[in-house]
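Visitor:
Residue numbers (the numbering used here): 7 to 327.
1) Along the alpha helix (DSSP H) that carries residue 271, what are the first and last residues, could you check?
2) Taking only the alpha-carbon atoms, compute the straight-line gap between residue 130 and residue 235 and give it to the nearest angstrom.
3) Among 300, 116, 65 and 86, which residue has its Cα nearest to the Cα of residue 75?
4) Measure the C-alpha to C-alpha separation of residue 304 and residue 289 and round it to an integer number of angstroms.
5) According to DSSP, residue 301 sits in a beta bridge with which residue or residues?
6) So, helix, strand or coil for residue 287, using DSSP?
7) Give the single residue among 107, 157, 206 and 102 whose Cα lies nearest to the Cα of residue 176.
8) Quick one: residues in its chain with C-beta nearer than 7 Å to the C-beta of residue 160, no 5 flanking neighbours on either side, listed in chain order?
9) With three or more C-beta pairs closer than 8 Å as the rule, is the region 224-231 touching the region 250-266?
10) Measuring alpha carbon to alpha carbon, tell me which of 250, 321 and 295 ends up nearest residue 285.
11) Starting from residue 254, trace the alpha helix (DSSP H) in both directions and tell me its first and last residue.
12) Have a look at residue 73 and residue 238 and give me their C-alpha separation to the nearest angstrom.
13) Check the C-beta distance from residue 258 over to residue 221 and give it rounded, since I have them as a contact under 8 Å.
14) Taking the beta carbon of residue 134 as the centre, do at least 16 other beta carbons fall within 10 Å, making it buried, or is it exposed?
15) Kindly indicate the opening and closing residues of the beta strand (DSSP E) around residue 196.
16) Give the single residue among 68, 101, 57 and 61 whose Cα lies nearest to the Cα of residue 333.
17) How long is the line joining the alpha carbons of residue 154 and residue 66, rounded to whole angstroms?
18) Which two residues bound the contiguous alpha helix (DSSP H) that contains residue 85?
19) Can you give me the Cβ contacts of residue 219 inside the same chain, cut-off strictly under 7 Å, excluding the 5 residues immediately before and after it?
20) Could you check the C-alpha separation between residue 296 and residue 71 for me, to the nearest Å?
21) Leaving out five residues before and five after residue 62 in sequence, what residues of the same chain have Cβ atoms less than 6 Å from its Cβ?
22) So residue 168 packs on residue 95, CB below 8 Å; how close in whole Å?
23) Hey, out of 322, 318 and 323, whose CA is closest to residue 108's CA?
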C-alpha cells in the first residue's frame with residue numbers, strides 16, 4: 007500500500023526531531039496474521055527496489071505483508087519513526103548515528119544505492135569539474151542540506167576529483183524542489199540534488215558537474231526501530247529476500263520498470279527515459295570503513311562528540327558479505 011505524505015518543516019524543528027525516541031507500534035492488519043511491516047521511503051532512486059518488490063508481488067511471495075509509505079520531507083518520515091507509525095525507513099548513516107548518539111537506538115540493517123548530482127545554474131561559467139577546479143580558492147554557493155548526507159556527498163565528490171571541498175559555500179535549503187528552483191533561476195550558483203531531480207534541473211538548462219558514482223558508496227541505508235528488529239526479525243528477513251529478488255529483476259532489465267518507477271515513486275514524468283537507474287547491490291550492511299568515514303566527517307563538522315561503536319548502530323540481522 008503506497009500512501010503519500012507531504013510537509014514543510016523548519017530547520018529548528020529538524021534539530022528537535024532528528025530521530026528522537028521510539029514510540030510503541032500499534033498492531034495493524036488481520037488478527038490472524040502478523041502485523042504488517044511498515045516502511046517509509048523518499049522519492050529517490052534508492053527506493054526503487056521497494057517499489058518493484060511491491061509491484062511484482064515479491065513481498066507476498068516471501069510471506070510478508072509490507073506497507074510502503076512515501077514521504078516528501080525527511081522530517082515527517084523521522085517523526086513517523088519516533089511515533090511508531092512506521093517500523094523502518096530509507097535513511098542514511100548520518101541520521102542513524104545522530105539518532106543513536108541522541109538515545110534513539112535505531113538499527114541500520116543494510117545500505118541502499120542512491121545517486122546525487124552536483125549541478126550548476128544555466129548561466130554559470132562553471133560547466134565542468136575542470137571549470138570548478140579553475141575557480142581556484144573562490145567559494146561557490148551550493149544549495150544543500152547542511153549536516154547531512156547531501157553535504158557529506160558533495161565534499162566527497164569534489165575530493166574524488168582533487169578539488170578542495172572548502173570551495174563549497176553551503177546555502178542550506180531543506181526542500182529539494184526549492185533547491186532545484188533556486189539553481190535553475192540562478193539564485194545560487196550550484197546545488198546538490200538527488201536523482202532523478204538532477205535530470206529535471208538539466209532539462210531546464212542546469213549543468214551536471216559530477217555525481218556520486220565516483221564514490222565507493224553513498225551512506226544511504228535502510229534502518230528499523232529496535233522494537234521492529236526484536237519483534238519482527240522474521241518479517242524483516244523475508245522483506246530482504248524480496249528486496250534481493252527485486253534487485254535481481256531491476257538489474258536484469260531496468261528499462262522494463264521505468265513507467266512503474268515514475269508512477270509509483272512520485273517522480274516527474276519527464277524523467278522517465280532520462281532517469282539514471284543505478285545497478286543495485288543485494289542487501290548488505292555498511293562496512294566498518296564506510297561507517298568510520300562517516301563518523302570521522304561528523305566529528306570534523308562538530309556533529310558528534312565522543313566515540314560511537316560500529317555495533318551500536320549496525321545490526322547483525324543481515325550477514326556481512
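We treat Cβ as the ideally placed atom computed from N, Cα and C, and that holds for glycine.
Guide: Taking the definition as stated:
1) 264-271
2) 48 Å
3) 86
4) 25 Å
5) DSSP output for residue 301 lists no bridge partner at all.
6) coil
7) 157
8) 124, 148, 150, 174 and 198
9) As far as the Cβ criterion goes, the region 250-266 does not touch the region 224-231, which means the pair count is below three.
10) 250
11) 239-258
12) 14 Å
13) In fact, because the Cβ distance is near 25 Å, the residues do not count as touching under 8 Å.
14) Its Cβ having fewer than 16 others within 10 Å, residue 134 is exposed.
15) 196-200
16) Residue 333 is absent from the structure shown; the chain starts at 7 and stops at 327.
17) 34 Å
18) 80-88
19) Hits under 7 Å: 121.
20) 32 Å
21) Cβ neighbours of residue 62 beyond the five flanking positions: none.
22) Incorrect: roughly 35 Å between the Cβ atoms, too far for contact.
23) Of all alpha-carbon atoms in 322, 318 and 323, the one lying nearest the alpha-carbon of residue 108 is that of 318.
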